Amino acid sequence: MPWATNPLFEPKQRAQNLATDVEAAPGDGGHHGETGTGSGSGSASPEPKDNDQLKFRPPSDHFTPHQIFYIFVLDGIVSAIFAGGINFAIAYALYHDKGTRQSPIRLFQFPNTLAGDTAVTIFIQFLTTWIIEAILVNYDLKKGGVQPIGFIPEPRWKYVRWFMFLDRHEQTDEVRSINHWLRFLFSQIIRSLVLAVIFFPFIFGVSVGILTIVGKHNNSDWDWYYSATWAPEIFKLVQGAVLGLLFTPPMVMFWLARCGWALQSREGTVE
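Going left to right, the sequence shown walks through residues 66 to 336 as the numbering used here numbers them.
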């Protein structure tokens, strides 16, 4: 099957216009970049060697303790801490000198609208988390730092397969060229925004509901008002931390599972 090309997994040199399973490690008797031809004589997922550029480990048939730690602690909890801290700092910079009669902080009304801030934060955090995890997890996979997931069945529904980069037309861009990187980056942005759109109604609804509880009504206005300290800062800290804790682990599992499918697919073609 055709697989999406990933410049993070590509060697710097390969034959021009050659279709590859870019997440599969080379067998001992084959060359990296050959797939679906049956010409390789080695294993599709060999044990890492000191001189191998790519050191993929064999996909696991169950969750290992290291995978659990990697997904939920190293990525999930650490992401929550960083996201919460960054959102707190941004909120302080935006709102610490606001909240006055001339520049009130309100839920819906501009210019200092927490509902608008919430909407923007959702999309930005999904985008940045997806891109960061795509880079970090793929790097760890490439270096053998984490084992791919091999026990999740490969999806068959075409839209899910598209989302998970399983079926795409052969790409002929030069490896690690500007076009290759731009194509890769654009494909990541699209998928992160798809996730953001899917979960936006729930996240935004819950966030606005919480803000209506902690806000105060002004007798002369229908909107909710907030003091400059510390309601906006604490809200954005909690929001960023919760989003990081809930959505980073599935993004990590996305890449671990996809790499496992790629390695298993290559193994099936060379045996």
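Ideal Cβ positions, reconstructed from N, Cα and C, are used throughout, including at glycine.
These numbers were taken from a predicted model, which means no experiment stands behind them.
Can you tell me where the beta strand (DSSP E) with residue i in it begins and where it stops?
i: residue 289; result: 289-291
Candidates the options: which alpha carbon is nearest residue i's?
i: residue 298; options: 242, 274, 157; result: 157
i: residue 149; options: 137, 218, 301, 242; result: 301
i: residue 255; options: 228, 244, 279; result: 228
i: residue 257; options: 266, 327, 159, 316; result: 316
i: residue 169; options: 290, 328, 329, 320; result: 290
i: residue 166; options: 154, 292, 296, 131; result: 292
i: residue 143; options: 218, 253, 305; result: 305
i: residue 328; options: 136, 312, 180, 206; result: 206
i: residue 230; options: 242, 250, 192; result: 250
i: residue 267; options: 129, 308, 217, 242; result: 308
i: residue 216; options: 310, 129, 119; result: 129
i: residue 201; options: 294, 303, 136, 277; result: 136
i: residue 189; options: 265, 276, 242, 120; result: 265
i: residue 303; options: 120, 147, 218; result: 147
Mind checking who residue i pairs with in its DSSP beta bridge?
i: residue 144; result: According to DSSP, which records beta bridges pairwise, residue 144 is partnered with nothing at all.
i: residue 171; result: 178, 290
i: residue 161; result: Answer is none; residue 161 lacks a bridge partner.
i: residue 197; result: Paired residues: none, contrary to the question.
i: residue 214; result: 125
Identify the continuous alpha helix (DSSP H) that holds residue i and give its terminal residues.
i: residue 257; result: 243-279
i: residue 225; result: 223-228
i: residue 127; result: Where residue 127 is concerned, there is no enclosing alpha helix (DSSP H), given that its DSSP letter is neither H nor E.
How big is the Cα-Cα spacing for residue i and residue j?
i: residue 269; j: residue 184; result: 7 Å
i: residue 226; j: residue 232; result: 6 Å
i: residue 196; j: residue 171; result: 32 Å
i: residue 319; j: residue 209; result: 17 Å
i: residue 163; j: residue 176; result: 10 Å
i: residue 330; j: residue 124; result: 11 Å
i: residue 204; j: residue 160; result: 37 Å
i: residue 322; j: residue 174; result: 43 Å
i: residue 134; j: residue 288; result: 44 Å
i: residue 122; j: residue 213; result: 7 Å
i: residue 194; j: residue 286; result: 37 Å
i: residue 140; j: residue 314; result: 7 Å
i: residue 198; j: residue 312; result: 11 Å
i: residue 224; j: residue 325; result: 19 Å
i: residue 263; j: residue 191; result: 11 Å
i: residue 296; j: residue 126; result: 46 Å
i: residue 145; j: residue 310; result: 5 Å
i: residue 245; j: residue 252; result: 11 Å
i: residue 182; j: residue 220; result: 36 Å
i: residue 178; j: residue 248; result: 35 Å
i: residue 282; j: residue 276; result: 12 Å
i: residue 119; j: residue 218; result: 25 Å
i: residue 294; j: residue 278; result: 16 Å
i: residue 138; j: residue 280; result: 33 Å
Give me the Cβ distance between residue i and residue j, rounded to the nearest whole Å; I'm assuming they're in contact under 8 Å.
i: residue 151; j: residue 261; result: Not really, about 17 Å apart at Cβ, beyond 8 Å.
i: residue 271; j: residue 180; result: Not a contact, Cβ separation roughly 12 Å.
i: residue 132; j: residue 259; result: Their Cβ separation, rounded to whole angstroms, is 25 Å, which puts residue 132 and residue 259 out of contact at 8 Å.
With a threshold of 6 Å, establish whether the CB of residue i neighbours any heavy atom of the ligand ADP.
i: residue 159; result: In terms of ligand content, the structure shown is empty, and the ligand ADP therefore cannot be addressed.
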